[in-house]
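J.: Going by the numbering used here, the first residue of the sequence shown is number 1382, and it counts up by one from there.
Questions regarding the structure given below will be posed in turn.
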Amino acid sequence: MAWTEISISVTQDDAALAELILEELGALAVTLQDDEDNPVLEPEPGTTPLWPTVQVRGLFERDTDRERVLAALGAVPGAERPDRFRWRNIGDRDWERAWLERFAPMQFGRQLWIVPGGMQIPFDPNNIEIRLDPGLAFGTGTHPTTALCLRWLDSQEVRGAAVVDYGCGSGILGIAAALKGARRVVCVDNDQQALEATADNAARNGVSTIIECCTPQEYQRELADVVMANILAAPLILLAPRLLAALRPGGLIALSGILNVQADEVLAAYRAGLLEAATQTEQEWVLIHGRSDPETPGAPRE
Ligand SMILES: C[S@@+](CC[C@H](N)C(=O)[O-])C[C@H]1O[C@@H](n2cnc3c(N)ncnc32)[C@H](O)[C@@H]1O
């Protein structure tokens, strides 16, 4: 497979907007780098790049519509200047190498670890290891939106639960739930490549019998104990009736991919279906989590 990467040079204040736009355009990965060419770094959980100018890079398939990408990036101040962006064609191997150089085992909460192929963590019987290969679908744990979900999941008891991971990407959240003892996990994504990556990663982690992969069209509503969705604010709002309807009375939901400034709007779309709702933040991202009313027989229908 051949890839192309756009890098756009923006001020620190505009980096989150450029990152969000590239993700909404379906970038297979988005990374940040110091524009002065200092070490490559995807922001670690809880940190913010201090560089005054940041290069935001989005990876796309080679035949992607470049005009569409540039038009969407027009919303970033100064992005229309040709000297602010650059396209670069890259091969699979280069991408994998860059990914591996940046990726190390990471712990989320007390028990959950994401461990890249070939790497080890110190033995502790309480650790839960999610083994991930450098697939190209989003979801390696390095993004704050995924980190928020993993930390939330780490703090929940999901043994024996039926779980939905909507917008599964690499399957990272669904696989983590399965390894924590979930009885059944339905992983949904509208990108075939993500579903293939999820199935591969499920096999690699020995949880294929627990995980079922499907498209939104194939998804059959059945009441879940836990629903997780790390997508973006706009699709989360559109999906509110569907995701609430998937939740059994008293079930738990976690929504991520939401910028701080978008939290109220997303909360408003879900509030009617939730008895309790709370937020957790990391950098400019917020996770909304809540519980549906245990007394209400059936959440609002789609
Ligand atoms: C930000 S990634 C999250 C991946 C992973 N769950 C994680 O937490 O890292 C969002 C995923 O949602 C998928 N997606 C976006 N909109 C969707 C929709 N309307 N229905 C289903 N999947 C969607 C994308 O293809 C992508 O794989």
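Positions of the beta carbon are idealized from the N, C-alpha and C atoms, including for glycine.
Please classify tryptophan 1384 as buried or exposed, where buried requires at least 16 neighbouring CB atoms within 10 angstroms.
T.: Against the sequence shown, residue 1384 aligns to sequence position 3. Flag for tryptophan 1384 reads buried.
J.: Three-state secondary structure (DSSP) at tyrosine 1547?
T.: Stepping through the sequence shown from its first residue, residue 1547 is reached at position 166. Strand.
J.: Taking the alpha-carbon of alanine 1659 as reference, which of Ala1410, Trp1666, Ala1653, Leu1648 has the nearest alpha-carbon?
T.: Along the sequence shown, read from residue 1 onward, the residue named residue 1659 stands at position 278. Nearest C-alpha to alanine 1659: Leu1648.
J.: Assign methionine 1500 to one of two classes, buried (16 or more other C-beta atoms within 10 Å of its C-beta) or exposed (fewer than that).
T.: Counted from its first residue, the sequence shown places residue 1500 at position 119. Its Cβ having fewer than 16 others within 10 Å, methionine 1500 is exposed.
J.: Can you tell me which residues form a DSSP beta bridge with valine 1569?
T.: The residue given as residue 1569 occupies position 188 in the sequence shown. DSSP, once it has assigned bridges, lists Tyr1547, Cys1595 as partnering valine 1569.
J.: Which residues share a DSSP beta bridge with proline 1497?
T.: Looking up residue 1497 in the sequence shown gives position 116. In DSSP, proline 1497 forms a bridge with Leu1513.
J.: I want to know whether the stretch 1603-1611 touches the stretch 1572-1580 - three or more CB-CB distances under 8 Å.
T.: The stretch 1603-1611 vs the stretch 1572-1580: no contact.
J.: Could you have a look at glycine 1541 and say whether DSSP puts it in helix, strand or coil?
T.: For this step, residue 1541 is matched to residue 160 along the sequence shown. The answer is coil: DSSP assigns glycine 1541 none of H, G, I, E or B.
J.: Is it a yes or a no for the stretch 1453-1473 touching the stretch 1484-1497, going by three-plus beta-carbon pairs under 8 Å?
T.: Because the criterion of three Cβ pairs below 8 Å is not met, the stretch 1453-1473 and the stretch 1484-1497 do not touch.
J.: Can you check which of these residues, Glu1404, Ser1673, Gln1664, is closest to leucine 1365 by C-alpha distance?
T.: The first residue shown for the chain is 1382 and the last is 1683, placing residue 1365 beyond what the model contains.
J.: Put alanine 1485 into one of helix, strand or coil per three-state DSSP.
T.: As a position in the sequence shown, residue 1485 is number 104, starting the count at 1. Correct three-state label for alanine 1485: coil.
J.: Which residue marks the beginning of the beta strand (DSSP E) containing threonine 1590, and which one marks its end?
T.: Here residue 1590 refers to the residue found at position 209 of the sequence shown. Note, threonine 1590: premise wrong, no beta strand (DSSP E); not H, not E.
J.: Quick test of your reading: alanine 1559 and isoleucine 1509, contact by CB under 8 Å. State the CB separation rounded to the nearest angstrom.
T.: For this step, residue 1559 is matched to residue 178 along the sequence shown. For this step, residue 1509 is matched to residue 128 along the sequence shown. Rounded, the Cβ-Cβ distance is 10 Å, inconsistent with contact.
J.: What does the Cβ neighbour count give for tryptophan 1504, buried or exposed, with the cut at 16 atoms within 10 Å?
T.: Within the sequence shown, the letter at position 123 stands for residue 1504. According to the sequence as given, residue 1504 is phenylalanine; it is not tryptophan. Classification for phenylalanine 1504: exposed.
J.: Flag this pair as yes or no: are the beta carbons of glutamate 1665 and asparagine 1641 separated by less than 8 Å?
T.: As a first step, residue 1665 must be located in the sequence shown, where it is residue number 284. As a first step, residue 1641 must be located in the sequence shown, where it is residue number 260. Cβ distance < 8 Å, so glutamate 1665 and asparagine 1641 count as in contact.
J.: Excluding sequence positions up to five away, which residues of its chain have a Cβ less than 8 Å from the Cβ of tryptophan 1494?
T.: For the purposes of this step, residue 1494 is identified with residue 113 of the sequence shown, where counting begins at 1. The answer, listed in chain order, is Pro1486, Met1487, Gln1488, Ile1502, Asn1508, Ile1509, Glu1510, Ile1511.
J.: I'd like the list of long-range same chain contacts for glutamine 1539, defined as Cβ closer than 7 Å, with 5 residues on each side in sequence excluded.
T.: Sequence index remark: in the sequence shown, residue 1539 carries index 158 (1-based). Residue identity check: residue 1539 is valine in the sequence provided, not glutamine. Within the same chain, valine 1539 has close Cβ partners Ala1558, Lys1561, Gly1562, Ala1563, Val1607.
J.: Count the other C-beta atoms from every protein chain shown that fall within 10 angstroms of the C-beta of aspartate 1394, then say buried if there are 16 or more, exposed otherwise.
T.: If you number the sequence shown from 1, residue 1394 lands on position 13. Counting Cβ neighbours within 10 Å, aspartate 1394 comes out exposed, since fewer than 16 surround it.
J.: So, at 7 Å on beta carbons, what are the nonlocal neighbours of histidine 1652 in its own chain, with the 5 sequence-adjacent residues on each side left out?
T.: Translated into positions along the sequence shown, residue 1652 becomes position 271. Before going on, a small fix: residue 1652 reads as arginine here, not histidine. Closer than 7 Å at the Cβ level, and outside the excluded window around arginine 1652, lie Ala1658.
J.: Confirm the yes/no value for this check: CB of threonine 1445, any heavy atom of ligand 1, distance under 7 Å.
T.: Taking the sequence shown and counting its residues from 1, one reaches residue 1445 at position 64. Checking every heavy atom of ligand 1 against the Cβ of threonine 1445, none is found closer than 7 Å.
J.: I'd like to know whether the C-beta atoms of alanine 1453 and leucine 1406 end up nearer to each other than 8 Å.
T.: The residue given as residue 1453 occupies position 72 in the sequence shown. The residue given as residue 1406 occupies position 25 in the sequence shown. Yes. Within cutoff.
J.: Is threonine 1445 helix, strand or coil when you go by DSSP?
T.: Mapped onto the sequence shown, residue 1445 falls at position 64. Correct three-state label for threonine 1445: coil.
J.: Take the Cβ of serine 1598 as the centre, count every other Cβ of all protein chains shown within 10 Å, and call the residue buried at 16 or more, exposed below.
T.: Stepping through the sequence shown from its first residue, residue 1598 is reached at position 217. Note that residue 1598 corresponds to glutamine in the displayed sequence, not to serine. Glutamine 1598 comes out exposed.
J.: Check whether the Cβ of valine 1569 sits closer than 7 Å to any heavy atom of ligand 1, and report yes or no.
T.: Position 188 of the sequence shown, counted from the start, is the residue given in the question as residue 1569. Within the cutoff, so yes.
J.: Quick one: is the Cβ of glutamate 1599 within less than 7 Å of any heavy atom of ligand 1?
T.: The count along the sequence shown starts at 1 and reaches residue 1599 at position 218. Incorrect: glutamate 1599 has no Cβ contact closer than 7 Å to ligand 1.
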